[in-house]
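*Asks:* Residue numbers (our numbering): 50 to 255. Glycine included, every Cβ here is placed at the ideal spot set by N, Cα and C. Every value quoted in this text rests on a predicted model; they were computed, and no experiment measured them.
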Amino acid sequence: MPVPKFLYFDLGKVIVDFDVDVMCRQMGAAANISPELVFTTLFDTRLQERYESGEIDGRQFYEAFCTQANCRPDYDALELAGSDIFTLNVGILPVIAQLRAAGYRLGVLSNTCQSHWEHCLRRFRILHDLFSVHALSYRIRAAKPAPAIFRAAAELAGVQAREIFYTDDNAGHIAGAKAIGFDAVQYTSTPELVAELRNRGITFNY
């Protein structure tokens with residue numbers, strides 16, 4: 050198979066890890082409501098999904114959250130509580146760094162919201178330093194596995210879909226990427242990812 054011209058990585062559960070339970074506990078503490086009510090408000094009503102797809106912005110998310118949960122916490126405190134949930138996947142960092150050092154073009158392709166992305170940008174310099182393209186659902190206004198986000202990602206990368214390698218932990222997202230022509234593999238571990246990259250003729254120091 051041809052060597053990919055562009056490599057896209059998912060953010061959550063690939064570059065970084067995150068914990069929804071921590072998010073619900075922290076937001077509950079900030080709003081003085083239960084973690085269970087936070088979860089229901091975010092996910093049973095599709096509020097988080099609407100935020101990540103760009104249907105609503107941060108202020109609209111806040112107002113909807115307050116209305117649905119019958120609370121009114123400090124805006125900044127709630128935003129931080131909902132965003133300070135990420136840790137780096139340290140095992141993949143040397144792979145990303147060496148791919149970049151070898152001259153490969155890298156991008157992030159993620160379903161994420163503005164507050165989560167901006168928090169990660171502030172906290173993790175690699176997102177600035179190692180990835181030249183950020184294909185984000187809230188900016189594109191389409192979320193994986195919809196074809197629109199993958200088409201937009203290919204356009205942002207400036208290459209054909211078939212020239213892109215993509216890894217994501219979600220099997221449904223992998224299927225969506227393959228459907229429009231990406232060479233996509235599910236992320237299960239860093240050693241397996243390295244093997245997949247080498248099978249495609251990608252050479253780097255690792």
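(1) Consult DSSP for leucine 158 and reduce its assignment to one of helix, strand or coil.
(2) Do valine 182 and isoleucine 64 count as a contact pair if the criterion is CB distance below 9 Å?
(3) Closest to proline 53 by C-alpha separation, out of Asn248, Arg74, Cys162, would be which residue?
(4) May I have the straight-line CA-CA distance separating glutamate 101 from histidine 165, to the nearest angstrom?
(5) Would you identify the three-state DSSP class for alanine 184, choosing helix, strand or coil?
(6) Quick one: complete alpha helix (DSSP H) runs, 4+ long, within the region 57-110?
(7) Consult DSSP for leucine 242 and reduce its assignment to one of helix, strand or coil.
(8) Kindly list the residues whose CB is nearer than 8 Å to the CB of asparagine 254, restricted to its own chain and excluding five residues on each side of it in sequence; keep chain order.
(9) Using the Cβ count rule (16 or more neighbours within 10 Å means buried), how would you classify methionine 50?
(10) Nearer than 8 Å: is that true of the beta carbon of glycine 250 relative to any heavy atom of the ligand SAH?
(11) Which residues in the same chain as arginine 154 place their Cβ atom closer than 8 Å to its Cβ, once the five residues preceding and following it in sequence are excluded?
(12) Under 7 Å Cβ to Cβ from isoleucine 229, same chain only, skipping five residues before and after it: list those, please.
(13) What are the start and end residues of the alpha helix (DSSP H) that includes isoleucine 175?
*Replies:* So, to answer that:
(1) As a working note, residue 158 is residue 109 in the sequence shown. DSSP places leucine 158 in strand when its eight states are reduced to three.
(2) The residue you call residue 64 lines up with position 15 of the sequence shown. The residue you call residue 182 lines up with position 133 of the sequence shown. The Cβ atoms of isoleucine 64 and valine 182 do not sit closer than 9 Å to each other.
(3) Here the question's residue 53 lines up with position 4 in the sequence shown. When only C-alpha atoms are compared, the closest one is Asn248.
(4) On the sequence shown, residue 101 is found 52 positions in, with the first residue counted as 1. On the sequence shown, residue 165 is found 116 positions in, with the first residue counted as 1. Distance between the alpha carbons of glutamate 101 and histidine 165 is about 9 Å.
(5) Along the sequence shown, read from residue 1 onward, the residue named residue 184 stands at position 135. The DSSP-derived three-state label of alanine 184 is strand.
(6) 69-80, 84-88, 96-101
(7) Numbered from its first residue, the sequence shown carries residue 242 at position 193. Looking at leucine 242 - three-state DSSP - the assignment turns out to be helix.
(8) Start at 1 with the first residue of the sequence shown, and residue 254 comes out as number 205. For asparagine 254, where only same-chain residues beyond five positions count, the Cβ hits under 8 Å are Gln147, Ala150, Ala151.
(9) Walking along the sequence shown from the start, residue 50 turns up at place 1. Looking at its Cβ environment, which holds fewer than 16 other Cβ atoms inside 10 Å, methionine 50 is exposed.
(10) In terms of ligand content, the structure shown is empty, and the ligand SAH therefore cannot be addressed.
(11) Within the sequence shown, the letter at position 105 stands for residue 154. Closer than 8 Å at the Cβ level, and outside the excluded window around arginine 154, lie Lys54, Phe55, Leu56, Ser181, Val182, Ala206.
(12) For the purposes of this step, residue 229 is identified with residue 180 of the sequence shown, where counting begins at 1. Within the same chain, isoleucine 229 has close Cβ partners Pro196, Phe199, Arg200, Ala210.
(13) Along the sequence shown, one-based indexing puts residue 175 at 126. Taken as a continuous stretch (DSSP letters only), the alpha helix (DSSP H) holding isoleucine 175 covers 175-178.
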